[in-house]
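Note that our numbering has the sequence shown beginning at 3, numbered continuously upward. Only one structure is covered here, and it is reproduced in the block below.
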Amino acid sequence: MKVEKNKIIFSIVLVCILLFIGSYAMLVLGEDEEPTLENNQVPVPELEDDQKQYDSKLDALNDLKEVRQTNAPSIYDERLLDSTGVYDPDLLDKEKMRLVDSIYKQGQIKYSEQSYEHINPRYRPSKPTIKKEKDTIDVKDEQETEVEVKERALEHQLFFASHPIENDDLNAKNTDGFIYVRVDGTQTVKNNYRLQMRLLKDAMIYGQRYSRNTPIYGFISFKPNRAIIDIENINHQPVRLRAHDYQDGSEGIYVENSFRAEVTNEIVGDMVDDINITGVPQVSGFKKIFQRNHRNVKVTITDNYKLILKISKTKFQGKPMMGNY
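Below, the structure is given as structure tokens:
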């Protein structure tokens, strides 16, 4: 007996429908009833008995799931929110205007001027000349510094051009009051001749000790009835001494009266040396006569003639030498 295929298909479809109806009824009937408020009491959920037990707090903390905070999307465009979070629909336009104003203030763009590009590649635009304003304070400072430099240069020139004045008091303290010398051999001298002498005993001169018989050289000049002897250095050390006669204590050596006329002629010759009158030959002749007599003056000084040397009081040194500046 053969079963028809139609019957088999029908029976399968019928079984499937019955199974669907039964499962749906179970789902609907198996749902819990919605909680209802009875006597105005809030229903409390029942605690589940199958809660997991932990042996330590660390396991419980590790088992906690990280709860991520979720923010609801904003209904406004974030580009239109300012720094305080306030919505402004014109915020983009305001930002553009602010940028344009800042660039305009910096001078990078000048709307009043139009720039054109030159088509010639060799053309090089000339750079604008910027005139710098002169600072009057800097100019005054420069002028003051220049004046100070000139003043210092002038002070240096005056310092090196001057001749320092010797301290006579200090030299007198460091020099013996009486320095005894003798003439070394009989000598005949004239004006500006050198006279050789020697120390009779040790002496302190300008802070230095000189031993006995140290040679000393002086130069002769004449005054009425006197032959003046000046000493300018001893052993290449500059000094300023003048010889005094051991007998009378006056400056120089006493000269006999027979030399008075010749000495007077010498003084007059010194005065006539300064006379220079052109066109007057007579004055020139007298000048030659006085000079000739001046050269003929001689003085003979005997050997071992004693003299005393003292610091000269004449101020022929220490004068500043001024030049042209």
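Each residue gets a CB set at the ideal place from its N, CA and C atoms; glycine is no exception. Computed from a predicted model, the values in this text were never measured in an experiment.
Only buried fits VAL183, as 16 or more other CB atoms lie within 10 angstroms of its CB.
For TYR219, the uninterrupted beta strand (DSSP E) run begins and ends at 217-225, by DSSP. C-alpha of ASN215 to C-alpha of LYS225: approximately 29 angstroms in a straight line. One Cα belongs to LEU31, the other to SER25, and the distance between them is close to 10 angstroms. Between the alpha carbons of LEU20 and ALA27 lies a distance of about 11 angstroms. In the structure shown, ARG196 falls within a strand segment according to DSSP collapsed to helix, strand and coil. Rounded to whole angstroms, MET206 and LYS175 show a C-alpha spacing of 10 angstroms. The three-state secondary structure of GLY254, taken from DSSP, is strand.
It is roughly 39 angstroms from the alpha-carbon of GLY254 to the alpha-carbon of GLN159. Contact check for LEU311 against LEU243 passes: the beta carbons are separated by less than 8 angstroms.
Out of LEU156, ASN173, THR302, the CA that lies nearest to the CA of GLN198 is found in THR302.
Sequence-distant Cβ neighbours of ARG228 in its own chain, meaning closer than 8 angstroms and more than five residues away, are SER252, GLU253, GLY254, ILE255, TYR256, VAL257.
A residue is called buried when at least 16 other Cβ atoms come within 10 angstroms of its Cβ; TYR212 meets this threshold and is buried. DSSP, reduced to helix, strand and coil, places ASN173 within a helical segment of the structure shown. Taking the Cβ atoms as the reference, ILE218 lies roughly 7 angstroms from ARG200, within the contact range of under 8 angstroms. THR304 and THR188 do touch by the CB rule: their CB atoms are close to 5 angstroms apart, below 8 angstroms.
For ARG100, no beta strand (DSSP E) segment is defined; the enclosing uninterrupted segment is the alpha helix (DSSP H) at 93-108. In the structure shown, the three-state DSSP call for THR190 is strand. With 16 or more other CB atoms across the displayed protein chains lying within 10 angstroms of its CB, HIS246 is buried. Of the other Cβ atoms in all chains shown, 16 or more fall within 10 Å of the Cβ of VAL185; this residue is therefore buried.
VAL241 sits in a strand when the DSSP states are folded into three classes. Per DSSP, LEU311 is one residue of the beta strand (DSSP E) stretching across 308-313. Scanning ASN8, GLU6, LYS9, ILE313 for the CA closest to the CA of ASP178 turns up ILE313.
The beta carbons of ILE222 and TYR248 sit about 17 angstroms from each other, so the pair does not count as a contact at 8 angstroms. Around the Cβ of LEU309, a 10 Å sphere holds 16 or more other Cβ atoms; the residue is buried. Counting only residues of its own chain and dropping the five nearest sequence neighbours on each side, ASN235 has a CB closer than 7 angstroms to the CB of VAL241. Judged by beta-carbon spacing, LYS300 lies within the 8 angstroms limit of LYS192, meaning their Cβ atoms are closer than that value.
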